[in-house]
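If you read the sequence shown in my numbering, its first letter stands for residue 125, the second for the next number, and so on. All residues carry an ideal CB built from backbone N, CA and C; glycine is no exception. Taking it in order: structure first as C-alpha cells, then the write-up.
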Amino acid sequence: LEQPTRKTMTASGIQAYAERDASGGPVCDVADGEVVALALPVSFHVGGDVTGAAGTLHITTRRLVWIAAHGAGDAGAGAGAGGFSVPFQSLTMHAISRDTSEGGFPRECIYTQVEGPAPEGYVGGGAAAAVAGGADGTNGVSGGGEQGDEDGDDEEEEEEEDFGGDFDEMTELRLVPDNPAQLEAMFKTLCECAAMNPDDGDEDGEDGGDGAGGDGVGGGGGAGEFYFNEEEVLSGAGAEARAAMLDHYDSLLQMPTAGELDELIQNDPGRFEDDDEEDEE
125 LEQPTRKTMT ASGIQAYAER DASGGPVCDV ADGEVVALAL PVSFHVGGDV
175 TGAAGTLHIT TRRLVWIAAH GAGDAGAGAG AGGFSVPFQS LTMHAISRDT
225 SEGGFPRECI YTQVEGPAPE GYVGGGAAAA VAGGADGTNG VSGGGEQGDE
275 DGDDEEEEEE EDFGGDFDEM TELRLVPDNP AQLEAMFKTL CECAAMNPDD
325 GDEDGEDGGD GAGGDGVGGG GGAGEFYFNE EEVLSGAGAE ARAAMLDHYD
375 SLLQMPTAGE LDELIQNDPG RFEDDDEEDE E
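What follows is the structure in C-alpha cells.
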C-alpha cells in the first residue's frame, strides 16, 4: 500500500458515519490517496457491549469505517447514520484478544482504545462504554469495561484534580470478524494502515516493527516493536515482554572476550592503571 498524503483530520474519536458510495461502501477521499485496503463482515462492540451490531468493517488507508448491515435501523447503529468511522490517529492502542474465559469478552476480537467518549446515540447491550485515562499508562481500563461504583468515581475525580485534569476519556471498541480465521489478516491490515497515519506528535522513526505479529498490540499510529496480549496491555508489560527488552539491551552491549582483553593489555600495559598510582609515580 502506498502512503497517502495526509491532511489534518477535523474529527476524532468514534464518529457517526452516513456517507455511502454506489456499492454501499464508504466514500473515500481519492484526491488524498485514500483507498479501502480490506472489507469484511464484522460486528461492532462499544464498551462492555457483548451483543454488538452486525455490519461490514472497511479498513482504509486513513481510517476504520464500519457500516451496519441493515442501515440506520440496525441495533447499535446510532445517530441515524447506520455506521461509524474512526481515524487512525484516534486509536491509542489496538490488540488481538483471544481470552474468552469466563468474565472476559466471549469472542476472539480486535480490542482497541479510542480517544474520546462513546459515540452519541450508540445503543448497546453492555455496561459502560467509556473510561477515564489513567496515569499508569493503562488508561484506567478494566478487562470487561465494567462501570465503577460511586466510591471509584470519587477517587477518579480526585486523581483528575491531582494531575491537573490531564486525563483523556477513552472508549473501548471491539471488532469481531464473523469468520475467526480472518482475525490475523484483519489485524495485519489494520497495523499496516495505522502505520501510514502516525500521530502528529510522534518523532520520525519512533515506532518500529511491521505490525505483522500474531497476538499483539500497537500504539496509535502503527505497531511498536514489542507486542502483548490484551491482559498484559491492561496490567502493564508482562514478564516475557520485560525479558525480551532486557535481551534486546544485552545484545547492544559488546563486552571483550578474555583473549581480546589480554591483547588490549599487551598493546597498552597502562590502560587499566588507576589515576592515583600514576600520581604517586
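Worksheet item: Between Asp-145 and Arg-186, which are expected to be in contact by the criterion C-beta below 8 Å, what is the C-beta distance as a whole number of angstroms?
Response: Not quite, the Cβ-Cβ distance comes to about 15 Å (not below 8 Å), so this is no contact.
Item to complete: Return the first residue and the last residue of the alpha helix (DSSP H) that Thr-313 is part of.
Response: 307-319
Practice prompt. With Cys-233 as the anchor, note down where its beta strand (DSSP E) starts and where it stops.
Written response: 233-239
Worksheet item: For Leu-297, which option in Leu-307, Lys-312, Val-238, Ala-305 has the closest C-alpha, if you only look at C-alpha atoms?
Response: Val-238
Worksheet item: Taking the alpha carbon of His-218 as the point to measure from, which residue in Pro-322, Ala-382, Phe-311, Gly-394 has its own alpha carbon closest?
Response: Phe-311
Discussion item. Contact between the stretch 155-162 and the stretch 137-144 is defined here as three or more beta-carbon pairs at a separation below 8 Å; is this criterion met?
Written reply: no
Practice prompt. Return the bridge partner residues of Ile-191 from the DSSP annotation.
Written response: Thr-180, Gly-207
Worksheet item: So what does DSSP say about Ala-142, is it helix, strand or coil?
Response: coil
Worksheet item: Between Val-189 and the rest of its own chain, which residues show a CB-CB distance below 7 Å, the 5 nearest in sequence each way excluded?
Response: Tyr-141, Pro-150, His-182, Gly-207, Ser-209
Discussion item. Output needed for Asp-392: all residues of its chain with C-beta closer than 8 Å, excluding positions within five of it in sequence on either side, in chain order.
Written reply: none
Discussion item. So for Glu-387, helix, strand or coil by DSSP?
Written reply: helix
Fill in: DSSP three-state assignment for Ala-382, whether helix, strand or coil
helix
Discussion item. Can you give me the C-alpha to C-alpha distance between Gly-333 and Leu-314, rounded to a whole angstrom?
Written reply: With a pLDDT of only 41 at Gly-333, under the threshold of 50, the placement of this residue in the model should not be trusted; the figure read from the coordinates follows. Taking the straight line from one Cα to the other gives about 14 Å.
Discussion item. The beta strand (DSSP E) that contains Ala-161, what's its start and end?
Written reply: 160-170
Discussion item. Using only CA atoms, which one of Phe-168, Ser-147, Asp-323, Ala-242 lies nearest to Glu-232?
Written reply: Phe-168
Fill in: CB-CB length for Pro-165 against Thr-175, believed under 8 Å
Pro-165 to Thr-175, Cβ: 16 Å. No contact.
Practice prompt. Grab the span of the beta strand (DSSP E) containing Arg-298 for me, first residue to last.
Written response: 293-301
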